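Here is the structure we will look at, set down as structure tokens.
In the UniProt record's numbering, the protein residues as written are 1 to 184.
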């Protein structure tokens, strides 16, 4: 049956205006209709694939959560860090582990829970630097010349002893009093 009514509609696929003969027409042509159908089916397939991927990822994590003894890889997946970091935590003694044989390191789940419940160590605050005036300080090159020390050796001493350093332009100054006590 043909219809004598003409309705201005907008195509749901290409978003162009067209004249429709019925009130339920969605697309301006068969081409737009088939392209919209293909896009819909494609999106359904992609969504199904994403759900399957997400399900397998969660399935793997659920299997890990059910285990009493975990491998290093399992712990790295649970903590969200690298395998090397887990080995470092084992070497530091943060996590206790048992090495049953070569490449058979196992970690008890309760041990991992203990680590997570431990209070976090707050970073140490640096001591306030000793205030000094530039006139009361040596430049780094003056110290190297006066005391016959290399640049790398001087930087090591400054870092090791937490000697304050003030930059002024292209020169760095350190207090004379501290350097004299240290190098004489």
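We put the beta carbon where it would ideally sit given N, CA and C, even for glycine.
Since the model is a prediction, treat every value here as computed from it, not as a measurement.
Asked: N- and C-terminal bounds of the alpha helix (DSSP H) containing residue 73; Found: 72 to 79
Asked: Helix, strand or coil at residue 39 [DSSP, three-state]; Found: helix
Asked: Where residue 98 sits in the DSSP three-state scheme; Found: strand
Asked: Extent of the continuous alpha helix (DSSP H) run through residue 156; Found: 151 to 160
Asked: Three-pair Cβ contact test at 8 Å for the stretch 135 to 155 versus the stretch 95 to 108; Found: no
Asked: DSSP state of residue 10 mapped onto helix, strand, coil; Found: strand
Asked: Bridge partner(s) assigned by DSSP for residue 171; Found: 168
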